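Number of protein chains: 2
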Amino acid sequence: MSSPAIGRVDRRKARTRAALIAAGQRILADRGTTEVAVQDITDEAGVGLGSFYNHFTTKSELFEAAVFDLLDAFAAGIDAARADVQDPAELVAIGIRSTCRLAATRPAVARVLVLTGPEFLVADRGLAPLASRDLRQGLASGRFTLARPALALAVVGGSVLAFLQMRLTADGSGSVTDADADLLAATLLTTLGLPAAEAAEIAHRPLPVLDPPPGPTPQGEPS
Amino acid sequence: MSSPAIGRVDRRKARTRAALIAAGQRILADRGTTEVAVQDITDEAGVGLGSFYNHFTTKSELFEAAVFDLLDAFAAGIDAARADVQDPAELVAIGIRSTCRLAATRPAVARVLVLTGPEFLVADRGLAPLASRDLRQGLASGRFTLARPALALAVVGGSVLAFLQMRLTADGSGSVTDADADLLAATLLTTLGLPAAEAAEIAHRPLPVLDPPPGPTPQGEPS
Numbered sequence: 001m002s003s004p005a006i007g008r009v010d011r012r013k014a015r016t017r018a019a020l021i022a023a024g025q026r027i028l029a030d031r032g033t034t035e036v037a038v039q040d041i042t043d044e045a046g047v048g049l050g051s052f053y054n055h056f057t058t059k060s061e062l063f064e065a066a067v068f069d070l071l072d073a074f075a076a077g078i079d080a081a082r083a084d085v086q087d088p089a090e091l092v093a094i095g096i097r098s099t100c101r102l103a104a105t106r107p108a109v110a111r112v113l114v115l116t117g118p119e120f121l122v123a124d125r126g127l128a129p130l131a132s133r134d135l136r137q138g139l140a141s142g143r144f145t146l147a148r149p150a151l152a153l154a155v156v157g158g159s160v161l162a163f164l165q166m167r168l169t170a171d172g173s174g175s176v177t178d179a180d181a182d183l184l185a186a187t188l189l190t191t192l193g194l195p196a197a198e199a200a201e202i203a204h205r206p207l208p209v210l211d212p213p214p215g216p217t218p219q220g221e222p223s
Numbered sequence: 001m002s003s004p005a006i007g008r009v010d011r012r013k014a015r016t017r018a019a020l021i022a023a024g025q026r027i028l029a030d031r032g033t034t035e036v037a038v039q040d041i042t043d044e045a046g047v048g049l050g051s052f053y054n055h056f057t058t059k060s061e062l063f064e065a066a067v068f069d070l071l072d073a074f075a076a077g078i079d080a081a082r083a084d085v086q087d088p089a090e091l092v093a094i095g096i097r098s099t100c101r102l103a104a105t106r107p108a109v110a111r112v113l114v115l116t117g118p119e120f121l122v123a124d125r126g127l128a129p130l131a132s133r134d135l136r137q138g139l140a141s142g143r144f145t146l147a148r149p150a151l152a153l154a155v156v157g158g159s160v161l162a163f164l165q166m167r168l169t170a171d172g173s174g175s176v177t178d179a180d181a182d183l184l185a186a187t188l189l190t191t192l193g194l195p196a197a198e199a200a201e202i203a204h205r206p207l208p209v210l211d212p213p214p215g216p217t218p219q220g221e222p223s
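So the protein lines, in turn, are chains A and B. Residue numbers for the first sequence follow the UniProt record's numbering, so the first one is 1 and each next one is one higher. Residue numbers for the second sequence follow the UniProt record's numbering, so the first one is 1 and each next one is one higher.
Structural data, given as structure tokens:
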């Protein structure tokens with residue numbers, strides 16, 4: 001057991017780390033770049049410059065932690081919202097539709113995802129493990145017929161990432177919408193092996209409500 | 001008409017710009033980051049620090065030019081190699097298979113593509129305009145049935161990007177190969193609306209040989 005004094009130190013360290021990570025998330029979301037000085041991060045976090053190096057070796061390490069903390073929490077939220085769903089096809093559809101909606105419901109989180117790029121698809125944290133599990137389950141149950149899990153993940157994950165990028169940069173004329181997100185889910189279910197009519201029906205079921213995803217809420221954005 | 005003296009100045013300016021862009025391409029490919037000092041770029045280019053600002057306002061501007069110069073040239077190479085192909089389905093298949101092979105034939109270019117991330121899918125230069133044209137042609141001719149060009153581009157472009165990322169980070173155990181690139185092309189053609197057997201046949205035709213793509217050739221990599 002640790003003494004109360006140690007406990008206080010640990011709690012303070014944890015608070016400093018959390019403040020740095022939250023600062024990293026806000027910087028990514030607001031400025032869309034990791035090209036900032038360490039001092040900018042500690043200023044944003046309201047902590048001393050030196051304390052940065054008690055927690056992180058490099059800026060990249062901080063930003064990676066900032067991104068994956070956000071994505072872990074978002075993935076946990078999707079998982080909780082789908083607790084009553086058994087069908088792997090519907091699990092995948094909810095994952096696709098919920099993630100595509102991030103661009104509208106929580107653009108800051110969507111921007112972080114797009115900025116991280118395809119790297120998050122090969123990570124062992126965040127959304128990739130959730131997507132991999134869903135896809136393998138669908139394959140094992142015979143629901144999906146695309147026999148290479150890596151390709152299934154590339155198609156599903158890459159398409160969602162590209163969709164988010166399009167939605168964030170749409171100028172209105174060629175913009176993609178929630179309806180397109182559902183159409184994308186239906187399309188990807190047919191790619192995985194479902195008949196088109198069944199895929200469309202599953203991709204248009206009522207979508208479970210997610211808890212508001214965590215993460216930065218820039219000015220003017222509903223929290 | 002410009003005088004010979006002006007011509008010499010213009011040629012020198014063009015050489016400096018080209019040297020800076022080539023330096024940016026090598027830095028992206030070798031170091032995998034844009035987080036370098038302007039001085040690093042001018043040192044790599046063998047030009048004076050001050051000349052950077054005669055050509056670019058920011059590092060981002062230089063790196064954007066470096067990426068799109070590379071992708072424009074690669075897209076032109078694909079287009080030239082497919083000059084005798086009429087069928088939009090085969091045009092798309094060649095584009096997918098050639099781009100996926102970049103990870104093996106020219107990893108430096110593939111790394112630049114992945115580092116740029118989904119942003120290149122919404123650009124008006126590089127591979128996106130080529131892919132958009134192919135997809136719209138296939139739709140207009142009735143060859144493809146996925147009726148939203150934006151979704152078709154998200155699925156095709158996003159999948160290829162994710163495939164490249166997987167191939168570049170594969171540790172051997174779950175690695176994706178040229179055969180998977182062809183399977184991906186076949187899968188995506190069925191997503192666009194082709195019957196599975198026809199898609200598979202088209203995605204396994206002999207692939208036209210591309211001129212070696214331009215761009216950085218890191219040490220030890222065949223040029």
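For each residue, glycine too, the CB sits at the ideal point set by N, CA and C. As the structure is a prediction and not an experimental result, all values here were calculated from the model.
> So, do the stretch 25 to 45 of chain A and the stretch 57 to 67 of chain A have three or more beta carbon pairs nearer to each other than 8 Å?
Replying inline: yes
> Closest by CA to B/Thr116, which one among B/Leu188, B/Asp180 and B/Gly158?
Replying inline: B/Gly158
> To the nearest angstrom, how far is it from the Cα of A/Leu188 to the Cα of B/Val47?
Replying inline: 50 Å
>> Short of 8 Å in beta carbon distance, which residues of its chain neighbour A/Ala19, apart from the five on each side in sequence? Order them along the chain.
In response: Ala45, Gly46 and Val47
> Along chain B, which residues have their Cβ under 8 Å away from the Cβ of A/Asp180?
Replying inline: Arg148, Ala150 and Leu151
> With 16 other CB atoms within 10 Å as the buried threshold, where does A/Asp180 fall?
Replying inline: buried
> Whole-angstrom Cβ separation of B/Val112 and B/Leu70, contact assumed at under 8 Å?
Replying inline: 6 Å
> A/Ala65 and A/Ile21 look like a contact to me (Cβ under 8 Å); what is the Cβ gap, rounded to whole Å?
Replying inline: 6 Å
> Relative to chain B, which residues along the stretch 153 to 173 of chain A have a C-beta separation below 8 Å, given in chain order?
Replying inline: Leu153, Ala154, Val155, Gly157, Gly158, Ser159, Val160, Leu161, Ala162, Phe163, Leu164, Gln165, Met166 and Thr169
> On the premise that A/Leu139 lies in contact with residue 225 of chain A, defined as a C-beta separation below 8 Å, what is that separation, rounded to the nearest angstrom?
Replying inline: Nothing about residue 225 of chain A can be read from this structure; chain A reaches only from 1 to 223.
> Going along the chain, which residues of its own chain have a beta-carbon closer than 8 Å to the beta-carbon of B/Ala170, five neighbours each way excluded?
Replying inline: Val176
> If the cut is a Cβ gap below 8 Å, which residues of chain A does B/Leu184 touch?
Replying inline: Leu151, Ala154 and Val155
> A/Ala141 by DSSP, collapsed to three states: which one?
Replying inline: Checking the displayed sequence, the identity of residue 141 of chain A turns out to be Ser instead of Ala. If DSSP states are grouped into helix, strand and coil, A/Ser141 belongs with coil.
> What is the DSSP secondary structure of residue 230 of chain A, counted as helix, strand or coil?
Replying inline: No answer is possible for residue 230 of chain A: the residues shown for chain A start at 1 and end at 223.
> Applying a beta-carbon distance threshold of less than 9 Å, which residues of chain B neighbour A/Val114?
Replying inline: Gly117, Pro118 and Glu119
> According to the Cβ coordinates, are A/Val114 and A/Leu161 closer than 9 Å?
Replying inline: yes
>> Against chain B, does A/Val109 count as a neighbour if the rule is that its beta carbon must be under 9 Å from one of theirs?
In response: no
> Within 9 Å (strictly less), CB to CB, does A/Gly42 reach chain B?
Replying inline: The question names Gly, but residue 42 of chain A is Thr in the sequence shown. Output row for A/Thr42: interface = no.
>> Determine, for B/Thr57, whether the minimum Cβ-Cβ distance to residues of chain A falls below 9 Å.
In response: no
>> Below 8 Å on the Cβ atoms is my contact criterion, and I expect A/Leu121 with A/Leu146 to pass it. Report the Cβ-Cβ distance as a whole number of Å.
In response: 16 Å between Cβ atoms; not a contact.
>> Give me the chain A residues within the contact set of B/Val122, using Cβ-Cβ distance strictly less than 8 Å, ordered along the chain.
In response: Gln165, Met166 and Thr169
> Just curious, the alpha helix (DSSP H) that A/Glu64 is in, first and last residue?
Replying inline: Lys59 to Ala81
> Is the CB-CB distance between B/Gly95 and B/Leu49 below 9 Å?
Replying inline: no
> What's the gap between the Cα of B/Ala131 and the Cα of A/Leu194?
Replying inline: 26 Å
>> Here's the rule I'm using: 16 or more other beta-carbon atoms within 10 Å means buried, otherwise exposed. How should B/Ser98 be labelled?
In response: buried
>> Does chain B have any CB closer than 9 Å to the CB of A/Val209?
In response: no
> What in chain A is Cβ-close to B/Glu198, meaning under 7 Å?
Replying inline: Under the 7 Å cutoff, chain A gives no residues; its nearest Cβ is about 16 Å from B/Glu198.
>> Determine, for A/Thr16, whether the minimum Cβ-Cβ distance to residues of chain B falls below 9 Å.
In response: no
> Going by other Cβ atoms of all chains shown within 10 Å of its Cβ, with 16 needed for buried, is B/Gly142 buried or exposed?
Replying inline: exposed
> So, using beta-carbon positions, are A/Arg125 and A/Asp72 closer together than 9 Å?
Replying inline: yes
>> For residue 238 of chain B, tell me which candidate among B/Thr191, B/Leu210, B/Asp211 and B/Ala185 has the shortest Cα-Cα distance.
In response: What is shown of chain B runs 1 to 223, which leaves residue 238 of chain B out entirely.
>> With H, G and I counted as helix, E and B as strand and the rest as coil, what does DSSP make of B/Thr42?
In response: helix
> What separation, rounded to the nearest whole angstrom, lies between the Cα atoms of B/Gln137 and B/Pro88?
Replying inline: 6 Å
> Which residues, taken in chain order from the stretch 29 to 40 of chain B, show a beta carbon closer than 9 Å to some beta carbon of chain A?
Replying inline: Thr33, Thr34 and Glu35
> To which residues of the same chain is A/Val155 closer than 7 Å at the C-beta, ignoring the five residues directly before and after it?
Replying inline: Leu188 and Thr191
> Quick one, are the C-beta atoms of A/Val92 and A/Leu28 less than 9 Å apart?
Replying inline: no
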